[in-house]
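> Structure incoming, see below.
Protein chains: 2
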Amino acid sequence: MPTYTAPAKDMQFVLHDLLKISVSDVPGYADLDRGFTGAILDEAGKLANEVLAPLNAIGDQQGCVLENGVVRTPDGFKAAFEQLKEGGWNGLDLPEDYGGQNLPYVMGTAVGEMMVSANMAFNMYQGLTHGAISAILAAGTDEQKAKWLPKMVSMDWTGTMNLTEPHAGTDLGMIRTKAEPQDDGSYRISGQKIFISAGEHDMAENIVHLVLAKAPGGGEGTKGISLFIVPKFLVNEDGSLGARNGVTCGKIEEKMGIHGNATCVMNYDEATGWLLGDLHKGMKHMFVMMNEARVGVGLQGYAQAEAAYQNAVAYAKDRLQGRAVTGAENPAGPADPLIVHPDIRRNLMDQKSFVEGARAFTFWGAMLIDRAHRLGDKEAEGLISLMTPVIKGFQTDKGFDMAVQAQQIYGGHGYIEEWGMSQFARDARIAMIYEGANGVQALDLVGRKLASDGGKHVMAFFEMVKAECKAHEGDDRMKGFVEPLKAASKQLQQAGMFFMQSGMKNPNAALSGSYDFMHLMGHVCLGLMWTRMAKAAFEALEAGASDAAFYETKIATGRYYMARHLPACAMHLARIESGAETVMALEEEAF
Amino acid sequence: MPTYTAPAKDMQFVLHDLLKISVSDVPGYADLDRGFTGAILDEAGKLANEVLAPLNAIGDQQGCVLENGVVRTPDGFKAAFEQLKEGGWNGLDLPEDYGGQNLPYVMGTAVGEMMVSANMAFNMYQGLTHGAISAILAAGTDEQKAKWLPKMVSMDWTGTMNLTEPHAGTDLGMIRTKAEPQDDGSYRISGQKIFISAGEHDMAENIVHLVLAKAPGGGEGTKGISLFIVPKFLVNEDGSLGARNGVTCGKIEEKMGIHGNATCVMNYDEATGWLLGDLHKGMKHMFVMMNEARVGVGLQGYAQAEAAYQNAVAYAKDRLQGRAVTGAENPAGPADPLIVHPDIRRNLMDQKSFVEGARAFTFWGAMLIDRAHRLGDKEAEGLISLMTPVIKGFQTDKGFDMAVQAQQIYGGHGYIEEWGMSQFARDARIAMIYEGANGVQALDLVGRKLASDGGKHVMAFFEMVKAECKAHEGDDRMKGFVEPLKAASKQLQQAGMFFMQSGMKNPNAALSGSYDFMHLMGHVCLGLMWTRMAKAAFEALEAGASDAAFYETKIATGRYYMARHLPACAMHLARIESGAETVMALEEEAF
Chain A
1 MPTYTAPAKD
11 MQFVLHDLLK
21 ISVSDVPGYA
31 DLDRGFTGAI
41 LDEAGKLANE
51 VLAPLNAIGD
61 QQGCVLENGV
71 VRTPDGFKAA
81 FEQLKEGGWN
91 GLDLPEDYGG
101 QNLPYVMGTA
111 VGEMMVSANM
121 AFNMYQGLTH
131 GAISAILAAG
141 TDEQKAKWLP
151 KMVSMDWTGT
161 MNLTEPHAGT
171 DLGMIRTKAE
181 PQDDGSYRIS
191 GQKIFISAGE
201 HDMAENIVHL
211 VLAKAPGGGE
221 GTKGISLFIV
231 PKFLVNEDGS
241 LGARNGVTCG
251 KIEEKMGIHG
261 NATCVMNYDE
271 ATGWLLGDLH
281 KGMKHMFVMM
291 NEARVGVGLQ
301 GYAQAEAAYQ
311 NAVAYAKDRL
321 QGRAVTGAEN
331 PAGPADPLIV
341 HPDIRRNLMD
351 QKSFVEGARA
361 FTFWGAMLID
371 RAHRLGDKEA
381 EGLISLMTPV
391 IKGFQTDKGF
401 DMAVQAQQIY
411 GGHGYIEEWG
421 MSQFARDARI
431 AMIYEGANGV
441 QALDLVGRKL
451 ASDGGKHVMA
461 FFEMVKAECK
471 AHEGDDRMKG
481 FVEPLKAASK
491 QLQQAGMFFM
501 QSGMKNPNAA
511 LSGSYDFMHL
521 MGHVCLGLMW
531 TRMAKAAFEA
541 LEAGASDAAF
551 YETKIATGRY
561 YMARHLPACA
571 MHLARIESGA
581 ETVMALEEEA
591 F
Chain B
1 MPTYTAPAKD
11 MQFVLHDLLK
21 ISVSDVPGYA
31 DLDRGFTGAI
41 LDEAGKLANE
51 VLAPLNAIGD
61 QQGCVLENGV
71 VRTPDGFKAA
81 FEQLKEGGWN
91 GLDLPEDYGG
101 QNLPYVMGTA
111 VGEMMVSANM
121 AFNMYQGLTH
131 GAISAILAAG
141 TDEQKAKWLP
151 KMVSMDWTGT
161 MNLTEPHAGT
171 DLGMIRTKAE
181 PQDDGSYRIS
191 GQKIFISAGE
201 HDMAENIVHL
211 VLAKAPGGGE
221 GTKGISLFIV
231 PKFLVNEDGS
241 LGARNGVTCG
251 KIEEKMGIHG
261 NATCVMNYDE
271 ATGWLLGDLH
281 KGMKHMFVMM
291 NEARVGVGLQ
301 GYAQAEAAYQ
311 NAVAYAKDRL
321 QGRAVTGAEN
331 PAGPADPLIV
341 HPDIRRNLMD
351 QKSFVEGARA
361 FTFWGAMLID
371 RAHRLGDKEA
381 EGLISLMTPV
391 IKGFQTDKGF
401 DMAVQAQQIY
411 GGHGYIEEWG
421 MSQFARDARI
431 AMIYEGANGV
441 QALDLVGRKL
451 ASDGGKHVMA
461 FFEMVKAECK
471 AHEGDDRMKG
481 FVEPLKAASK
491 QLQQAGMFFM
501 QSGMKNPNAA
511 LSGSYDFMHL
521 MGHVCLGLMW
531 TRMAKAAFEA
541 LEAGASDAAF
551 YETKIATGRY
561 YMARHLPACA
571 MHLARIESGA
581 ETVMALEEEA
591 F
């Protein structure tokens with residue numbers, strides 16, 4: 001059975017050595033010294049290691065069961081949920097006004113990684129609640145906030161997001177769920193939503209659904225969509241629960257993974273709902289939730305890879321098979337451990353260097369979100385908006401690949417469910433799909449984000465990479481970082497130029513390369529992170545850090561990333577520059 | 001629910017336009033004219049489409065059940081197995097002496113692809129039997145052949161291969177199963193084998209296990225291993241079944257996929273067995289089976305991708321979502337079909353161009369096997385020995401990736417088991433692991449095959465590619481093929497040179513790049529196949545082929561492969577040339 005140990009030390013490295021959060025000008029960051037963040041991470045780690053991780057396989061095996069309209073979660077989930085509530089973990093980075101602790105988002109991200117690595121399906125109940133809270137915070141009236149948020153922050157009530165319908169996934173303009181205005185200001189919501197994570201379960205008193213629906217007068221397509229609050233139980237004036245609302249779970253889906261989370265078909269039958277935010281502006285408000293959710297899903301990508309990696313390492317050290325080509329390393333034993341073999345090392349280093357790079361990228365992204373929200377930093381807001389599809393699309397693709405590679409270390413045992421490595425791959429797979437399939441992320445990046453604000457944000461990113469390279473000029477220790485980063489960044493710029501030049505004539509030329517561009521950009525971002533982490537590690541060593549081996553390992557891991565992952569950039573560029581011709585050559589019938 | 005339509009026309013193209021089998025000098029090939037092969041493929045296609053494919057999802061859902069030592073296969077499997085037997089499909093390419101039809105292996109391969117695409121788990125019962133027959137044909141005495149083969153060719157009895165033990169997978173030298181010689185010339189076999197596909201089931205009267213075990217006097221490691229025939233039921237002199245032998249299925253594994261095939265723990269408790277081939281030469285004899293099995297597994301890789309691709313295409317044409325960026329293509333409908341979007345095309349073309357290239361490569365490999373067996377062609381034997389790890393390792397990695405990409409086309413529905421796309425990915429996953437995990441294939445390729453016979457076979461392959469490029473010099477139509485192939489082949493040679501130069505000093509330098517080399521070589525092989533297919537298509541068009549669109553599609557699909565897959569070669573070379581330093585940098589504790 002797999003185990004998990006929260007990587008608090010690696011997180012501290014990112015928070016303090018790399019991002020230097022406690023000396024940042026972001027309000028609230030000054031409190032985040034090493035001791036304080038260490039205490040939080042230790043507490044969260046305990047919960048993740050001891051409570052959530054042991055339930056991960058149980059959740060996978062038992063799944064959720066729908067009986068008489070009630071969803072039963074796997075054994076132990078409810079008790080663990082109570083512990084999560086008692087610890088106040090959901091409110092960690094939410095406003096004090098509603099019962100939260102108002103810590104920065106970057107801390108919520110670090111804690112979130114632990115919970116997701118330990119038990120992704122379980123964590124989704126909390127993750128969706130957090131997203132729904134963000135939408136109400138951004139779009140709700142004071143009255144709505146007072147009514148819904150305290151119980152959601154405490155997780156007495158959980159939240160969901162209801163977008164997809166059977167015929168309308170990416171293309172939300174086609175949704176049919178209707179909202180009929182009533183005399184009392186409420187709406188009657190009717191329609192069917194599918195793929196609703198945590199749509200029904202037995203761990204909370206109430207569930208607050210945020211539902212996209214069409215109210216009269218909004219016109220065609222996405223313009224006609226509004227967002228509604230539709231609770232499972234109506235809430236009385238005094239805050240107590242009232243009548244059951246007209247919303248029921250009609251079915252839960254049998255899925256490839258995340259079995260511990262109930263993926264529901266939700267039927268709305270004249271359910272009572274209240275408009276959240278402006279009429280016919282539902283898409284805008286939903287995107288508050290979606291953007292947060294996309295960063296969270298990008299985190300799921302590498303967090304699953306982290307958990308899988310830890311177990312792959314343990315197996316590679318334990319399993320004796322074959323002899324090192326350079327001479328036996330365990331001569332007293334019947335064979336050497338797998339980890340002596342170069343191809344096993346190659347596999348593990350692929351994983352390790354990706355996961356640590358992705359963690360840095362994600363925490364950095366979380367810091368940008370804090371800068372945007374707490375400082376009103378418009379540049380940070382533009383940058384995280386640009387990076388969101390990369391965090392989501394690149395990291396979930398690679399995270400799945402790495403979970404599959406971790407499974408491969410186990411040989412035949414990796415394919416047997418009892419050993420638990422299949423679950424990491426199966427669970428990680430969903431992250432490439434939900435909250436906008438990765439092809440949609442690539443479209444968002446190339447079709448929208450690159451050009452937003454006149455291309456200002458991507459230019460700022462290029463400048464940032466350039467400045468980073470310049471800063472290390474003449475530093476021989478940094479050569480193995482700066483040179484590959486410079487080359488990769490040039491390739492990314494060249495791809496951008498190709499889009500500008502050929503995309504003018506033929507938009508298909510740009511969109512045929514969108515997926516490769518997303519990956520190319522992901523590599524440049526992780527390359528930038530590794531360059532900065534290496535520098536930070538050299539600084540720590542120079543300052544006489546007691547744990548020299550830790551910092552030396554960071555540098556060596558970064559060198560691997562630059563030498564072995566960044567060569568993908570040239571491949572992506574070549575694919576991009578081949579343009580639309582071969583992609584669009586066939587008639588539809590020829591497929 | 002997914003469907004499958006056997007691609008007989010594409011197979012005919014490979015057999016006749018590309019490989020020109022009916023004019024080959026291989027004994028038996030002259031009979032294989034278009035009409036004859038078409039008739040076989042049509043019959044096999046009917047069985048695959050109408051009988052096997054509809055059972056695929058059922059097999060996945062029901063799995064196999066072990067009750068009182070008996071394994072119950074899923075509903076419908078036994079009846080389908082009877083149809084397979086009645087059609088004589090197992091004996092298609094087996095000797096007439098034992099009831100087969102003695103057709104060339106290339107035909108068995110084409111038919112096999114259909115069966116595997118339709119239902120991989122079901123087909124394994126037959127596939128293992130075929131492999132066991134090959135081992136008995138190669139190593140058995142005349143008496144053994146007469147005793148075992150007729151019933152195995154007819155599939156009244158099925159076969160298995162028993163290698164792995166709990167502590168010994170890749171490293172078979174560590175097996176503990178014992179064989180005690182008896183006075184009557186038989187052996188008593190005792191020990192435990194795991195991961196035995198089709199080890200026990202209810203579709204055949206008897207099961208003939210081929211078992212690796214250690215007989216006294218053989219010394220340490222693999223040198224002490226012999227191969228034994230151990231039937232489930234002993235066989236009387238008159239051919240009737242006798243007493244139950246001391247072999248039982250102790251457990252069937254819960255796996256990620258191929259649920260329809262029983263993966264068994266087999267317990268041998270003083271079971272009666274007979275030596276197959278020479279004492280202490282079991283590994284050599286088992287490798288007859290293994291090499292055939294590896295080509296068969298490489299076929300599974302792309303055959304699963306083919307089935308997944310067919311369904312992805314159907315969904316992409318059917319599902320309406322969004323509008324083409326160049327203007328609505330289905331203006332009367334609420335949205336355009338997915339297939340109008342460039343990134344969907346990119347995804348589908350990735351799949352299509354890989355699958356068709358892999359089919360050509362595999363059939364070509366099967367033709368080499370026929371040349372080796374039927375003509376005694378030593379060069380063909382050397383070449384297929386070199387190619388076997390590439391067929392197995394590269395094609396199963398890519399086949400899985402492509403099944404995952406096909407699943408991605410379905411968005412959220414791809415993750416729901418009901419839609420069947422998850423099964424293709426889960427089933428395809430095992431092919432990367434069994435019959436030697438892909439890392440072991442890479443080791444076999446770089447550590448053994450490259451240098452075998454003084455490197456003669458890889459040099460012959462380079463010459464073959466060079467000659468192919470030279471043959472099209474000055475043919476402008478072929479430029480999009482020849483130039484990328486030439487570049488990729490140079491990169492492959494450069495990687496080989498790197499291994500020779502640096503591997504002398506440090507074997508880890510070569511082995512750190514083995515996995516990338518396997519992929520680089522796979523791309524060159526498929527690039528070569530596409531170059532030849534394009535040429536064949538141009539020739540057909542020049543000859544006034546009636547179905548011009550079919551041949552034009554081949555050329556366009558090949559162009560995609562060259563433009564969009566071959567750029568991976570430079571990436572693999574760069575990874576290889578970065579050497580062992582970053583791969584082996586960390587101490588074991590640093591992971």
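The listed protein sequences correspond, in order, to chains A and B. Heads up, the first sequence is in full-length UniProt numbering, so the first residue is 1 and it goes up one at a time. Heads up, the second sequence is in full-length UniProt numbering, so the first residue is 1 and it goes up one at a time. We put the CB at the ideal spot given by N, CA and C, even for glycine.
Which residues of chain B have a Cβ atom closer than 7 Å to the Cβ of Lys255 of chain A, listed in chain order?
In the first sequence, the residue the question calls residue 255 of chain A occupies position 255. In chain order: Tyr415, Ile416, Glu417.
> Taking Cβ-Cβ distances shorter than 7 Å, what residues in chain B pair up with Thr164 of chain A?
Along the first sequence, read from residue 1 onward, the residue named residue 164 of chain A stands at position 164. Residues of chain B passing the Cβ test: Gly412.
> Excluding the five sequence neighbours on either side, which residues of its own chain have a C-beta within less than 8 Å of the C-beta of Asp269 of chain B, listed in chain order?
As a first step, residue 269 of chain B must be located in the second sequence, where it is residue number 269. Cβ within range, chain order: Ser190, Gly246, Val247, Thr248.
> Going by other Cβ atoms of all chains shown within 10 Å of its Cβ, with 16 needed for buried, is Gly35 of chain A buried or exposed?
Your numbering for residue 35 of chain A matches position 35 in the first sequence. Gly35 of chain A comes out exposed.
> Three-state secondary structure (DSSP) at Ser422 of chain A?
The sequence position of residue 422 of chain A within the first sequence is 422, counting from 1. Three-state DSSP puts Ser422 of chain A in a helix.
> How close, in whole Å, do the beta carbons of Val458 of chain A and Leu386 of chain A come, if the pair is a contact with beta carbons under 8 Å?
On the first sequence, position 458 is the one that residue 458 of chain A refers to. On the first sequence, position 386 is the one that residue 386 of chain A refers to. With a Cβ gap of about 6 Å, Val458 of chain A and Leu386 of chain A count as contacting.
> Just the Cα atoms here: how many angstroms apart are Arg244 of chain B and Gly131 of chain B?
Within the second sequence, numbered from 1, the residue matching residue 244 of chain B stands at position 244. Within the second sequence, numbered from 1, the residue matching residue 131 of chain B stands at position 131. The alpha-carbon atoms of Arg244 of chain B and Gly131 of chain B are separated by roughly 24 Å.
> Just checking: is the beta-carbon of Asp476 of chain A within a distance shorter than 9 Å of some beta-carbon in chain B?
Residue mapping note: residue 476 of chain A aligns to position 476 of the first sequence, counting from 1. Cβ-Cβ to chain B under 9 Å: no for Asp476 of chain A.
> Applying a beta-carbon distance threshold of less than 9 Å, which residues of chain A neighbour Ala428 of chain B?
Working through the second sequence from its first residue, we reach residue 428 of chain B at position 428. Within chain A, no residue comes near Ala428 of chain B; the closest Cβ sits about 11 Å away, beyond 9 Å.
> If you follow the beta strand (DSSP E) that Glu435 of chain A is in, where does it begin and where does it stop?
As a working note, residue 435 of chain A is residue 435 in the first sequence. Glu435 of chain A: not part of any beta strand (DSSP E); DSSP gives it neither H nor E.
> For Asp33 of chain B, collect the residues of the same chain with a Cβ closer than 6 Å to its Cβ; drop the 5 residues on either side in sequence, then sort them by chain order.
Counting from one through the second sequence, the residue named residue 33 of chain B turns up at place 33. So the list reads Ser22, once near-sequence residues are dropped.
> Which residues mark the beginning and the end of the beta strand (DSSP E) in which Ala269 of chain B is found?
Position 269 of the second sequence, counting from 1, holds the residue named residue 269 of chain B. Inspection of the sequence shows that residue 269 of chain B is occupied by Asp rather than by Ala. In this chain, the beta strand (DSSP E) harbouring Asp269 of chain B covers 263-275.
> Is there a C-beta anywhere in chain A that falls below 9 Å from the one on Asn347 of chain B?
One-based indexing of the second sequence puts residue 347 of chain B at position 347. Yes, contact with chain A.
> Give me the chain B residues within the contact set of Pro567 of chain A, using Cβ-Cβ distance strictly less than 7 Å, ordered along the chain.
Counting from one through the first sequence, the residue named residue 567 of chain A turns up at place 567. What Pro567 of chain A touches in chain B: Met571, Ala574, Arg575.
> Looking at the structure shown, is Gln493 of chain A part of a helix, part of a strand, or coil, going by DSSP?
For the purposes of this step, residue 493 of chain A is identified with residue 493 of the first sequence, where counting begins at 1. If DSSP states are grouped into helix, strand and coil, Gln493 of chain A belongs with the helices.
> Quick check: residue 598 of chain A and Tyr415 of chain B, are their CB atoms within less than 9 Å of each other?
No answer is possible for residue 598 of chain A: it lies beyond the span of chain A, which begins at 1 and ends at 591.
> Can you tell me whether Asp17 of chain A is buried or exposed, with buried defined as 16 or more other CB within 10 angstroms of its CB?
In the first sequence, the residue the question calls residue 17 of chain A occupies position 17. Its Cβ being crowded by 16 or more others within 10 Å, Asp17 of chain A is buried.
> Return the CA-CA distance between Trp274 of chain A and Leu234 of chain A, expressed in angstroms with no decimal places.
Taking the first sequence and counting its residues from 1, one reaches residue 274 of chain A at position 274. Taking the first sequence and counting its residues from 1, one reaches residue 234 of chain A at position 234. Each residue's Cα considered, the two are about 11 Å apart.
> Do Gly257 of chain A and Gln62 of chain A have their C-beta atoms closer together than 9 Å?
Within the first sequence, residue 257 of chain A is the residue found at index 257, counting from 1. Within the first sequence, residue 62 of chain A is the residue found at index 62, counting from 1. With contacts defined as CB atoms closer than 9 Å, Gly257 of chain A and Gln62 of chain A fail to qualify as a contacting pair.
> Using 9 Å as the limit for Cβ to Cβ distance, is Tyr434 of chain B near chain A?
Counting from one through the second sequence, the residue named residue 434 of chain B turns up at place 434. Taking Cβ atoms only, chain A reaches closer than 9 Å to Tyr434 of chain B, which makes this a yes.
> For residue 608 of chain A and Leu41 of chain A, what's the separation of their Cα atoms in angstroms?
Here chain A covers residues 1 to 591 and nothing more, so residue 608 of chain A does not appear.
> Output, in chain order, the set of chain A residues within a Cβ distance shorter than 8 Å of Leu520 of chain B.
Residue numbering aside, residue 520 of chain B sits at position 520 when the second sequence is read from its first letter. Result: empty, since nearest Cβ-Cβ is about 12 Å, beyond 8 Å.
> What are the residues in the region 488-519 of chain B lying within 7 Å of chain A by C-beta distance?
Pro507, Asn508, Leu511, Ser512, Ser514, Tyr515
> According to DSSP, which residues form a beta bridge with Lys178 of chain B?
Residue numbering aside, residue 178 of chain B sits at position 178 when the second sequence is read from its first letter. Answer is B:Ser190, B:Lys214, bridged to Lys178 of chain B.
> For Asn206 of chain B, which three-state DSSP category applies?
Here residue 206 of chain B is taken as the residue at index 206 of the second sequence, counted from 1. Strand at Asn206 of chain B.
> Indicate the three-state DSSP secondary structure (helix, strand or coil) for Thr141 of chain B in the structure shown.
As a working note, residue 141 of chain B is residue 141 in the second sequence. Secondary structure of Thr141 of chain B (DSSP, three-state): coil.
> Measuring CB to CB, does Gln321 of chain B end up less than 9 Å from Thr170 of chain A?
In the second sequence, the residue the question calls residue 321 of chain B occupies position 321. In the first sequence, the residue the question calls residue 170 of chain A occupies position 170. Contact: yes.
> Which residues in chain A sit within 8 Å of Thr3 of chain B, going by Cβ to Cβ distance?
Here residue 3 of chain B refers to the residue found at position 3 of the second sequence. Per Cβ cutoff of 8 Å: no residues; Thr3 of chain B is ~15 Å from chain A at best.
> From Lys232 of chain B to Met120 of chain B, what does the alpha carbon distance come to, in whole angstroms?
Your numbering for residue 232 of chain B matches position 232 in the second sequence. Your numbering for residue 120 of chain B matches position 120 in the second sequence. Straight-line Cα distance between these residues: approximately 24 Å.
> Exposed or buried, Gly382 of chain A, counting other C-beta atoms within 10 Å across all chains shown (16 or more means buried)?
Here the question's residue 382 of chain A lines up with position 382 in the first sequence. That one is buried.
> The alpha helix (DSSP H) that contains Leu386 of chain B, what's its start and end?
Counting from 1 along the second sequence, the entry for residue 386 of chain B is found at position 386. Note, Leu386 of chain B: alpha helix (DSSP H), 378-409.
> Of all Cβ atoms in chain B, is any one closer than 9 Å to the Cβ of Met584 of chain A?
For the purposes of this step, residue 584 of chain A is taken as the residue at position 584 of the first sequence. Yes, its Cβ sits closer than 9 Å to a Cβ of chain B.
> Is the Cβ-Cβ distance between Tyr551 of chain B and Gly412 of chain A less than 9 Å?
Within the second sequence, the letter at position 551 stands for residue 551 of chain B. Within the first sequence, the letter at position 412 stands for residue 412 of chain A. Contact flag unset, no.
> Bridge partners for Ile229 of chain B per DSSP, in chain order?
Start at 1 with the first residue of the second sequence, and residue 229 of chain B comes out as number 229. Its beta-bridge partners are B:Leu210, B:Trp274.
> With distances taken from CA atoms, which of A:Leu586, A:Lys281, A:Ala6 is nearest Arg345 of chain B?
Translated into positions along the second sequence, residue 345 of chain B becomes position 345. Checking every option, the nearest Cα to that of Arg345 of chain B belongs to A:Leu586.
> At a Cβ threshold of 9 Å, is Val355 of chain A touching chain B?
To locate residue 355 of chain A, count along the first sequence from 1; it is residue 355. No, because no Cβ of chain B sits closer than 9 Å to the Cβ of Val355 of chain A.
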